[in-house]
Amino acid sequence: MQKGKKKNTGNVKMASPLFTIPGIVEGRFIGLLLNIVLAGLVMYYIKYGKDITIRRVPGLDAIEEAVGRAAEMGKPVICSYGLAGFTYWTLAGLSILSHVAKLAARTGTRLIVPTGGSDASLIVRPVAEEIVQNAYLMEGEDDKYDPNDLPFLSSQQYAYVGGYVGIMQRTRPGAVIMTGSHWSDAMNIAETANAVGAITIASGSYISNVAALACASDYILIGEETAAAGAYLSDDMAQKASIRVQDIFKVLCIGLIILGLVSYNAGSEFVLNLLST
Numbered sequence: 001m002q003k004g005k006k007k008n009t010g011n012v013k014m015a016s017p018l019f020t021i022p023g024i025v026e027g028r029f030i031g032l033l034l035n036i037v038l039a040g041l042v043m044y045y046i047k048y049g050k051d052i053t054i055r056r057v058p059g060l061d062a063i064e065e066a067v068g069r070a071a072e073m074g075k076p077v078i079c080s081y082g083l084a085g086f087t088y089w090t091l092a093g094l095s096i097l098s099h100v101a102k103l104a105a106r107t108g109t110r111l112i113v114p115t116g117g118s119d120a121s122l123i124v125r126p127v128a129e130e131i132v133q134n135a136y137l138m139e140g141e142d143d144k145y146d147p148n149d150l151p152f153l154s155s156q157q158y159a160y161v162g163g164y165v166g167i168m169q170r171t172r173p174g175a176v177i178m179t180g181s182h183w184s185d186a187m188n189i190a191e192t193a194n195a196v197g198a199i200t201i202a203s204g205s206y207i208s209n210v211a212a213l214a215c216a217s218d219y220i221l222i223g224e225e226t227a228a229a230g231a232y233l234s235d236d237m238a239q240k241a242s243i244r245v246q247d248i249f250k251v252l253c254i255g256l257i258i259l260g261l262v263s264y265n266a267g268s269e270f271v272l273n274l275l276s277t
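Below, the structure written as structure tokens:
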């Protein structure tokens with residue numbers, strides 16, 4: 001840059017909030033208001049939304065096909081619900097686990113559920129055990145339920161992965177189904193599942209893994225497809241209500257984006273300033 005010349009930084013104009021409220025950080029009021037409204041809508045649908053319809057996710061057909069193939073081959077199915085505690089994705093994973101357990105009981109297929117992976121996952125394990133046991137009971141196959149098929153591997157992520165990989169190498173499953181929150185461990189599991197010839201179905205809830213899992217898996221549930229599948233299978237109105245309200249929120253966001261673009265190009269900064277409030 002020549003001496004005496006100033007760098008051109010552009011004419012950047014900052015949005016001005018319509019108003020400020022003492023005690024609330026500037027630019028956060030609209031976000032707070034939206035959160036309150038969305039929470040209210042969730043509670044409303046939990047109480048009154050008896051007719052919420054969730055579209056069947058195609059991934060469920062892949063799960064049923066995978067369990068059926070494993071049954072035909074006389075091989076076990078491995079299904080995990082993730083490494084996290086009671087999160088949004090874990091609840092969806094547990095609903096899918098219940099469905100897989102019912103399919104396994106119905107077809108006489110051995111189901112292995114590796115547990116652990118984090119300290120937070122310890123509180124989920126007893127719930128998973130009860131879900132699997134109840135699934136076998138509902139199918140009239142409670143005598144085939146084996147608590148040893150829900151091994152606790154480790155509370156450390158990569159020790160858990162090592163145990164998971166070891167189970168796949170020893171049992172040679174016909175299908176491996178990963179649901180819930182699987183983080184950087186997911187690729188190790190998916191690649192080993194492919195190596196042993198298993199149908200691999202993965203949940204891409206961890207955004208950094210989606211592209212790699214799409215290559216390493218036979219089928220992938222991307223993002224909210226996992227939550228939608230869990231809500232479809234579950235009788236829990238909270239899950240169904242959360243899916244409905246998320247859809248409402250997406251429509252609202254799209255509407256605000258379009259309104260903001262139109263109004264700004266028309267010379268009005270009202271929407272921009274409103275969202276900056």
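Just so we're aligned: the sequence shown equals residues 1 to 277 in our numbering. C-beta atoms are modelled at their ideal positions from N, C-alpha and C, and glycine is treated no differently.
Nearest neighbour of Y45, chosen from Y145, V57, V245 [CA to CA]: V245
CB contact flag (I177, V77, <8 Å): yes
Best match in G27, M237, L38, Y164 for proximity to V251 [C-alpha to C-alpha]: L38
Rounded straight-line distance, which links the Cα of G255 to that of P22: 29 Å
Whether T200 touches A193 by CB criterion (8 Å): yes
Reduced DSSP secondary structure (H/G/I, E/B, other) of F206: Reading off the sequence, residue 206 comes out as Tyr, not Phe. Y206 falls in the coil class under three-state DSSP.
Those residues which DSSP pairs with V176 across a bridge: I78, T200
Spatial distance of F29 from F270 (CA atoms): 15 Å
Range of the contiguous beta strand (DSSP E) that encloses S154: 152-154
Endpoints, the alpha helix (DSSP H) within which I243 is located: 237-265
DSSP-derived helix/strand/coil call for I24: coil
Contact set for E139: own chain, Cβ-Cβ below 8 Å, skip 5 residues either direction: K102, A105, R106
Cα-Cα separation between S263 and L274, rounded to whole angstroms: 12 Å
Which listed residue (I96, A70, S155) has its alpha carbon closest to that of T226: I96
Cβ-based neighbour list, D218, same chain, cut-off 6 Å, excluding 5 preceding and 5 following: I199, T200
Anticipated Cβ contact below 8 Å, S154 with Y145, distance rounded: Contact flag wrong, Cβ pair sits at about 24 Å.
For A70, the nearest candidate out of Q239, V196, A228 (CA to CA): V196
Sequence-distant residues of the same chain with beta carbon closer than 8 Å to H182, five excluded per side: S80, G82, L83, I189, A202, S203, S205, Y206, N209
Alpha-carbon spacing of L111 relative to I222, whole angstroms: 24 Å
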